[in-house]
Amino acid sequence: MGQRVAGKVAVVVGAGQTPGQTAGNGRATAVLLAREGAAVLAADRDLAAAQDTVAEIEAEGGKALAVQADVTDEDAVAAMLATCVERFGRIDILHNNVGVSIAGGDAPITEIEADAFARVTAINLQGMVLTCKHAIPVMREQGGGVITNISSIAANINYPYIAYRTSKAGVVTMTEHIAIRNAEYGIRANAILPGLMDTPMAIENRVGLGGATREQVIAERNSHVPLRNKMGTAWDVAHAALFLASDEASFITGVALAVDGGQSLAVG
Numbered sequence: 007m008g009q010r011v012a013g014k015v016a017v018v019v020g021a022g023q024t025p026g027q028t029a030g031n032g033r034a035t036a037v038l039l040a041r042e043g044a045a046v047l048a049a050d051r052d053l054a055a056a057q058d059t060v061a062e063i064e065a066e067g068g069k070a071l072a073v074q075a076d077v078t079d080e081d082a083v084a085a086m087l088a089t090c091v092e093r094f095g096r097i098d099i100l101h102n103n104v105g106v107s108i109a110g111g112d113a114p115i116t117e118i119e120a121d122a123f124a125r126v127t128a129i130n131l132q133g134m135v136l137t138c139k140h141a142i143p144v145m146r147e148q149g150g151g152v153i154t155n156i157s158s159i160a161a162n163i164n165y166p167y168i169a170y171r172t173s174k175a176g177v178v179t180m181t182e183h184i185a186i187r188n189a190e191y192g193i194r195a196n197a198i199l200p201g202l203m204d205t206p207m208a209i210e211n212r213v214g215l216g217g218a219t220r221e222q223v224i225a226e227r228n229s230h231v232p233l234r235n236k237m238g239t240a241w242d243v244a245h246a247a248l249f250l251a252s253d254e255a256s257f258i259t260g261v262a263l264a265v266d267g268g269q270s271l272a273v274g
């Protein structure tokens with residue numbers, strides 16, 4: 007157990023994960039924040055997945071509580087954050103990790119269905135707007151806080167699916183808006199832009215597409231990463247999130263931090 011966020015209270019939205027062979031970004035972040043001393047409210051649409059994250063945290067001696075919340079339901083979002091204040095007394099860290107692409111029906115712009123575009127945007131962007139809407143008043147009242155939103159380098163590169171790219175670009179702009187409008191209250195807001203990661207959501211949704219095996223999916227994704235030709239893991243995202251949430255980043259706000267092994271630099 008470390009002390010980089012000791013005594014802090016963290017809400018990790020999307021703290022469960024898709025079943026798979028590796029850790030997901032939300033679970034890894036929740037576990038790492040707890041290891042470093044934070045009390046964690048682990049929220050997820052799938053309560054069982056959030057409870058699995060809490061069980062992992064508690065097995066290591068950490069403090070955590072699982073709650074069910076769908077970020078497209080504003081009443082559920084408000085209740086989630088009210089539960090955190092009721093149980094732990096404050097909200098120091100809000101980590102927004104929820105996102106969907108292929109599983110939400112995303113497609114190229116010439117093929118996208120209106121309902122799919124609305125669904126992906128509601129989850130990826132509107133959901134973060136709602137969590138921030140209800141967390142910021144708490145943070146203002148207590149004199150500060152940290153918000154970290156998970157975007158994607160898909161916002162900046164040749165990514166084929168319109169809803170995911172558009173919504174993740176919106177996350178960056180939203181984060182900048184929150185940062186400048188809330189600096190006077192001592193609230194910092196930053197975005198993390200993961201690149202190609204070896205997580206269940208990224209891998210499992212692609213296995214079988216066009217007949218691809220898991221090994222082929224992994225090899226193809228690895229080939230696009232300049233740094234050692236190997237994808238990152240959820241722990242790379244979690245360590246970036248821990249840094250941004252800690253006092254070590256106390257003068258950092260409004261940044262979009264790429265965690266991508268150099269992929270966003272590979273132009274052409």
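Going by my numbering, the sequence shown opens with residue 7, and the numbers climb by one from there.
Ideal Cβ placement from N, Cα and C applies to all residues, glycine included.
Item, Value
"Determine the closest residue to Ala225 out of Asn235, Gly217, Gly216, with distance taken between C-alpha atoms.", "Asn235"
"Between which residues of its own chain and Glu62 is the CB-CB distance below 8 Å, once the five residues before and five after are set aside?", "Arg33, Val37"
"Hey, how far is the Cα of Val11 from the Cα of Val77?", "25 Å"
"Give a yes or no on contact between the stretch 199 to 218 and the stretch 111 to 122, applying the rule of three or more CB pairs nearer than 8 Å.", "no"
"Quick one: measure Cβ to Cβ for Ala300 and Val152, integer angstroms, because I've assumed they're closer than 8 Å.", "Residue 300 lies beyond the residue range present for the chain, which begins at 7 and ends at 274; the question has no answer from this structure."
"Grouping DSSP H, G and I as helix and E and B as strand, with all else coil, what is Asp50?", "strand"
"To which residues of the same chain is Thr259 closer than 7 Å at the C-beta, ignoring the five residues directly before and after it?", "Ala185, Ala189, Arg194, Ala195, Asn196"
"Hey, how far is the Cα of Gly274 from the Cα of Ile163?", "Bear in mind that the predicted position of Gly274 carries a pLDDT of just 48, short of 50, making it too unreliable to give a figure here."
"With three or more C-beta pairs closer than 8 Å as the rule, is the stretch 64 to 75 touching the stretch 113 to 131?", "no"
"Would you grab the beta carbon distance between Ala240 and Gly20 for me? Rounded to a whole angstrom, and I think it's under 8 Å.", "That pair is no contact at about 11 Å."
"Can Val243 and Val261 be called in contact, C-beta distance under 8 Å?", "no"
"Buried or exposed: Ala16, going by 16 or more other Cβ atoms within 10 Å of its Cβ?", "buried"
"Along the chain, where does the alpha helix (DSSP H) that runs through Asn102 open and close?", "From DSSP, Asn102 is part of no alpha helix (DSSP H) but of the beta strand (DSSP E) over 99 to 102."
"Going along the chain, which residues of its own chain have a beta-carbon closer than 7 Å to the beta-carbon of Gly216, five neighbours each way excluded?", "none"
"Could you give the C-beta distance for Gly201 and Ile159, rounded to a whole number, given that I count them as a contact under 8 Å?", "5 Å"
"Assuming Met180 and Val135 form a contact by the criterion Cβ under 8 Å, report the distance between their Cβ atoms to the nearest whole angstrom.", "6 Å"
"Between Ala247 and Ile198, how many whole angstroms is the CB-CB distance? I'm expecting something under 8 Å.", "6 Å"
"Is Gln74 close to chain D, meaning its C-beta is less than 8 Å from at least one C-beta of that chain?", "Judged by its chain identifiers, the structure shown contains no chain D, having just a single protein chain."
"Take Ala40 as the anchor and find which of His245, Gln269, Pro206 has the nearest alpha-carbon.", "His245"
"Nearer than 7 Å: is that true of the beta carbon of Asp204 relative to any heavy atom of the ligand COA?", "With respect to the ligand COA, the structure offers nothing, as it holds no ligand at all."
"Taking the straight line between their C-alpha atoms, what separation do you get for Gly267 and Leu233?", "5 Å"
"Quick one: is Thr219 buried, meaning 16 or more other Cβ sit within 10 Å of its Cβ, or exposed?", "exposed"
"Restricting to runs no shorter than 4 residues, where is the alpha helix (DSSP H) found entirely within the stretch 139 to 190?", "168 to 188"
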